[in-house]
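Student: Input: one structure, supplied below.
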Amino acid sequence: MNRRSFLGAGAVVLATAIAGCTTFNVQSSETTTDSISADDIDRIRVSNAVGDVTVTGADIDRIEYSAEKRLRGEGEDFDRLTVTVATSDGLLELIGGFSGSSSVFEDRGSITLAVRVPRDLVVEAVDVDVGRVSLRDTTGDSIVRVGVGAVEARRVDGFLDLSTQTGSLDATDIAGLDHASTDIGDVTVEVRGLRRDVDIGTGIGAVEVRVLSELDLELDLRGSSVESDLSLTDTTREGDHITGRLNGGGYRLRVGSDLGEARVRAL
1 MNRRSFLGAG AVVLATAIAG CTTFNVQSSE TTTDSISADD IDRIRVSNAV
51 GDVTVTGADI DRIEYSAEKR LRGEGEDFDR LTVTVATSDG LLELIGGFSG
101 SSSVFEDRGS ITLAVRVPRD LVVEAVDVDV GRVSLRDTTG DSIVRVGVGA
151 VEARRVDGFL DLSTQTGSLD ATDIAGLDHA STDIGDVTVE VRGLRRDVDI
201 GTGIGAVEVR VLSELDLELD LRGSSVESDL SLTDTTREGD HITGRLNGGG
251 YRLRVGSDLG EARVRAL
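Laid out in structure tokens, this is it:
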């Protein structure tokens, strides 16, 4: 299947790829790009009902985004896939959605949102129903919620609150962590800062947490099997449950998997 997508500011391009001989294998795409002045904007929220979201901090002075809409079939009804922008009191909201039947049998298509923001603009929240979320080089304390899909964060100057129902969580080189959980999927995160009690866990999957060894915290570790190489004091171990104090103690770090390995290692 061949796919082509030409991007241009303010331009709309239609690309159609055909594989096989049925309309089920036909996919149409339309990509738009735009930019918005960041004057009077100090934070952003992005939500998408039907696709991936990537937010990247960059050395720019405007908010830039591209929206790639995809439909299955020969139709060109891209209007049912919507992208809206709203601003209020310093907040910009970018929303990808779907207008049409609520039938679970209807192919809604998808929207892939790629957003670039000035490095000092706070990414307040990202909310996706079905799709992946990626944060890179962003600023601010961010809440990320996903229904079905993975979350990845890299080089975030802020505290993160991450959750998905089905999918993996992967966060490295972040300032701090407030929460990380998935019902089904692996969790791999770093803890470089705490400002409250924190829960990190999965229902089904493995958990690996790397903790800055200079932190003061109370560890509570549970799993089908558990392992920690932190230099803990007042340690207790009962089966697959470890508790102990790191340095002077403090906020509680709870790490666990209902069905899977749980490991905590020094960073």
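UniProt numbering numbers the first residue of the sequence shown as 1 and each following residue consecutively.
For glycine and all other residues, C-beta sits at the position ideal for the given N, C-alpha and C.
For A15, does the three-state DSSP call read helix, strand or coil?
Tutor: With a pLDDT of only 35 at A15, under the threshold of 50, the placement of this residue in the model should not be trusted, and no figure is reported.
Student: Where DSSP assigns a beta bridge to V85, which residues make up the other side?
Tutor: L94
Student: Which same chain residues, not among the five before or five after V226, have their C-beta less than 6 Å away from its C-beta?
Tutor: D240, I242, A262
Student: Straight-line CA distance for T138 to I60?
Tutor: 13 Å
Student: I need the boundaries of the beta strand (DSSP E) containing S134, first residue and last residue.
Tutor: 133-136
Student: Relative to the C-alpha of S168, which candidate in I200, V85, E238, I63 has its C-alpha closest?
Tutor: Checking every option, the nearest Cα to that of S168 belongs to I200.
Student: Would you mind sorting D186 into buried or exposed? The rule is 16 or more other CB atoms within 10 Å of its CB.
Tutor: buried
Student: Exposed or buried, which one is R70 when buried takes at least 16 other CB atoms within 10 Å?
Tutor: buried
Student: Starting from the C-beta of G90, find all residues in its chain whose C-beta is less than 8 Å away, skip the five residues before and the five after it, and write them out in chain order.
Tutor: Cβ within range, chain order: D40, I41, D42, R43.
Student: Please classify E214 as buried or exposed, where buried requires at least 16 neighbouring CB atoms within 10 angstroms.
Tutor: exposed
Student: Between which two residues does the beta strand (DSSP E) carrying F159 extend?
Tutor: In this chain, the beta strand (DSSP E) harbouring F159 covers 151-166.
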